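J.: Position 136 of the sequence shown, counting from 1, maps to 567 under the working numbering, and the rest follow consecutively.
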Amino acid sequence: MSKNHTDTDNSPFERHVVLVEPEIHWNTGNISRTCLATGAALHLIRPLGFSLASREVKRAGLDYWEKVKLAVWDNFEDFAANMTPQEDEVAVFSKKGAKSFWTMKDPQRLFLIFGSETRGLPDPILGKFPNATYHIPINSEIRSLNLSTAAGIALYESLRTAQPFHAWLEKG
Numbered sequence: 432m433s434k435n436h437t438d439t440d441n442s443p444f445e446r447h448v449v450l451v452e453p454e455i456h457w458n459t460g461n462i463s464r465t466c467l468a469t470g471a472a473l474h475l476i477r478p479l480g481f482s483l484a485s486r487e488v489k490r491a492g493l494d495y496w497e498k499v500k501l502a503v504w505d506n507f508e509d510f511a512a513n514m515t516p517q518e519d520e521v522a523v524f525s526k527k528g529a530k531s532f533w534t535m536k537d538p539q540r541l542f543l544i545f546g547s548e549t550r551g552l553p554d555p556i557l558g559k560f561p562n563a564t565y566h567i568p569i570n571s572e573i574r575s576l577n578l579s580t581a582a583g584i585a586l587y588e589s590l591r592t593a594q595p596f597h598a599w600l601e602k603g
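(1) Can you tell me where the beta strand (DSSP E) with residue 540 in it begins and where it stops?
(2) What separation, rounded to the nearest whole angstrom, lies between the Cα atoms of residue 588 and residue 516?
(3) Exposed or buried, residue 446, counting other C-beta atoms within 10 Å across all chains shown (16 or more means buried)?
(4) Can you name the start and end residues of the alpha helix (DSSP H) that residue 457 belongs to?
(5) Can you tell which of 542, 592, 524 and 561 has the C-alpha that lies nearest to the C-alpha of residue 550?
(6) With 16 other CB atoms within 10 Å as the buried threshold, where does residue 577 fall?
(7) Check residue 531 in the structure and name its three-state DSSP category.
(8) Should residue 453 and residue 575 be called a contact, given that it needs their Cβ atoms to be closer than 7 Å?
(9) Whole angstroms is fine: what's the gap from residue 554's alpha carbon to residue 564's?
(10) Given a threshold of 16 other Cβ atoms within 10 Å of its Cβ, counted over all protein chains shown, does residue 570 qualify as buried or as exposed?
(11) Just curious, the alpha helix (DSSP H) that residue 556 is in, first and last residue?
(12) Based on Cα-Cα distance, which residue from 529, 544 and 521 lies nearest to residue 537?
(13) Going by the DSSP bridge assignment, what does residue 445 pair with across the sheet?
(14) Between the C-alpha atoms of residue 489 and residue 592, what's the straight-line distance to the nearest angstrom?
(15) Pull up the distance between the alpha-carbon of residue 602 and that of residue 464, whole angstroms please.
(16) Taking just the CA atoms, how far does residue 572 sit from residue 508?
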């Protein structure tokens with residue numbers, strides 16, 4: 432595991448975006464910017480389909496990477512052992528998700544977990560949180576949403592229900 436930031440901020444709640452085996456550097460870069468914009472931490476689970484040092488990843492995240500609360504884990508088991516997410520603190524996103532994301536709970540600490548762009552989440556991870564699987568409703572004309580779009584939708588919805596009226600923004 433490697434981390435840019437190990438401290439947690441003093442906000443009344445925590446949001447974590449977890450990408451399991453992401454493949455496309457642009458998506459990860461865009462998600463990192465969304466995490467920074469909202470104060471969420473970003474967790475990347477290896478293997479990654481790109482190098483974090485690549486020019487494309489840096490470009491997608493602009494000059495914000497140093498400010499992102501980033502943790503990179505060797506596997507999901509290491510992540511789970513260190514972060515200890517409980518089922519009531521998890522929203523696992525999949526086309527197979529049993530519940531609409533509109534019904535997502537808003538605990539103080541919430542992990543929004545997404546799979547890779549082409550494979551989604553492995554069944555063992557879906558099986559760890561059987562009562563916490565969600566989907567984002569989409570028209571039957573398309574197979575799926577872009578990963579960065581889905582992560583942004585879910586993250587902002589979790590903030591809206593937890594802290595309406597943008598109370599999570601720092602006043603400056």
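The beta-carbon is built from N, C-alpha and C at its ideal position, and this holds for glycine as well.
Nothing here was measured: the structure is a model prediction, and the numbers come from that model.
T.: For this structure:
(1) 540-545
(2) 20 Å
(3) buried
(4) 456-469
(5) 524
(6) exposed
(7) strand
(8) no
(9) 12 Å
(10) exposed
(11) 554-559
(12) 521
(13) 540
(14) 31 Å
(15) Because the pLDDT of residue 602 is 48, which lies under 50, any placement of that residue in the model is unreliable, and the question is left without a value.
(16) 35 Å
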